[in-house]
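Residue numbers (this note's numbering): 84 to 305.
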């Protein structure tokens, strides 16, 4: 499959990562601090929990869509597909603001149920396991993706936080994250980003769990 993309495109892909990471590495620190704050707020519920986590997820998707996909990756050889993904990421950011901040349909509260536990595993994978696997398989930061400014661990973290919600979940919010999670197969096989294998698993598992929970809630209220 690497021949389909071309060796030059793959080389440019990693060169773009290096240039991107060297430029924006301070943002990684900020996004990790905010991620920890989101986790704490989901455990210790306050009136700031829902708007903060929703706005934070919206920022992550907006940044990755506009800056990484549209401004950095799309103009490179073989990067035309990023115009589509970048646009979808910005749309996801807008949806997060609509449903999470303005309509207030997202209620984040970490519990002890199956959904929260799987979600917490996804969060740990995004923040800790992903960069460790990347470093041990030839793509350490800043030469490879990392949470905060990279889309793959961001998708894992998103599903992890989605699984911390209570009540019926808006299905529109999982469509784009699921589609992106499915690209973990190509990241794994084409670009040898082995850490992205978890992205595929978490995306599919998270979607199935959310759909199952929604169905159970609907059955309870019917």
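Quick reminder that beta carbons are idealized off the backbone N, C-alpha and C, glycines included.
Contact set for residue 173: own chain, Cβ-Cβ below 7 Å, skip 5 residues either direction: The residues 145, 148 and 149, in chain order, have a CB closer than 7 Å to that of residue 173 in the same chain once the five nearest residues on each side in sequence are set aside.
For residue 191, the residue or residues it bridges with in DSSP: Within the DSSP bridge table, the entry for residue 191 names 248 as partners.
CA-to-CA distance, residue 141 to residue 191, given in whole angstroms: Approximately 15 Å between the Cα atoms of the pair.
Cβ shell of residue 135 (< 8 Å), same chain only, five flanking positions each side left out: For residue 135, where only same-chain residues beyond five positions count, the Cβ hits under 8 Å are 120, 121 and 124.
Where residue 74 falls: helix, strand or coil (DSSP): Because residue 74 is not part of the residues shown, which for the chain are 84 to 305, the question remains open.
Same chain, Cβ closer than 6 Å to residue 217, five either side skipped, listed in chain order: Excluding sequence neighbours, residue 217 sits near 227 and 278.
Assigned secondary structure, residue 107 (DSSP; H/G/I helix, E/B strand, else coil): Under the three-state reduction of DSSP, residue 107 is assigned to helix.
Inside the segment 129-156 only - alpha helix (DSSP H) runs reaching at least 4 residues: DSSP runs (the alpha helix (DSSP H)) wholly in the segment 129-156: 132-146.
Residues near residue 234 by beta carbon distance below 6 Å, same chain, minus five either side: In chain order, 147 place their CB closer than 6 Å to the CB of residue 234, counting only its own chain and leaving out the 5 sequence neighbours on each side.
Residue 297 - containing alpha helix (DSSP H), residue span: Start and end: 280-303.
Sequence-distant residues of the same chain with beta carbon closer than 6 Å to residue 176, five excluded per side: When the five nearest sequence neighbours on each side are left out, the beta carbons in the same chain lying within less than 6 Å of the beta carbon of residue 176 are those of 141, 144 and 145, in order along the chain.
Whole-angstrom distance between residue 110 and residue 282, CA atom to CA atom: Their backbone Cα atoms lie some 22 Å apart in a straight line.
Residue 232 (DSSP reduced to helix, strand or coil): Looking at residue 232 - three-state DSSP - the assignment turns out to be coil, as it is neither helix nor strand.
Nearest candidate by alpha-carbon position, reference residue 168, set 209, 265 and 94: With distances taken between CA atoms, residue 168 lies nearest to 265 out of 209, 265 and 94.
Inter-residue CB distance, residue 260 and residue 241 (contact presumed, cutoff 8 Å): Residue 260 to residue 241, Cβ: 5 Å. Contact.
Rounded straight-line distance, which links the Cα of residue 198 to that of residue 292: Residue 292 and residue 198 have their C-alpha atoms spaced approximately 7 Å apart.
Of the residues 286, 222 and 132, the one placed nearest residue 94, counting alpha carbons only: Residue 222 is the option with its Cα nearest to residue 94.
Close beta carbons around residue 251, own chain, < 6 Å, minus the five adjacent residues each side: Excluding sequence neighbours, residue 251 sits near 297 and 300.
Own chain partners of residue 159 with C-beta closer than 7 Å, once the 5 adjacent residues on each side are dropped: Taking residue 159 as the centre and dropping the five residues before and after it, the same chain places the C-beta of 95 and 99 closer than 7 Å to its C-beta, in chain order.
Coil, strand or helix - residue 127 by DSSP: Here DSSP, grouped into helix, strand and coil, assigns residue 127 to coil.
For residue 157, the nearest candidate out of 295, 107, 117 and 103 (CA to CA): Closest by alpha carbon: 103.
Buried/exposed call for residue 247, threshold 16 Cβ in 10 Å: Under a 10 Å Cβ-count criterion, residue 247 is classified as buried, with 16 or more other Cβ atoms of the shown protein chains found around its own Cβ.
Per-residue DSSP class, three states only, for residue 122: Residue 122 falls in the helix class under three-state DSSP.
Pair within 8 Å by beta-carbon distance, residue 106 and residue 230: Taking 8 Å as the cut-off, the beta carbon of residue 106 is found no closer than this to the beta carbon of residue 230.
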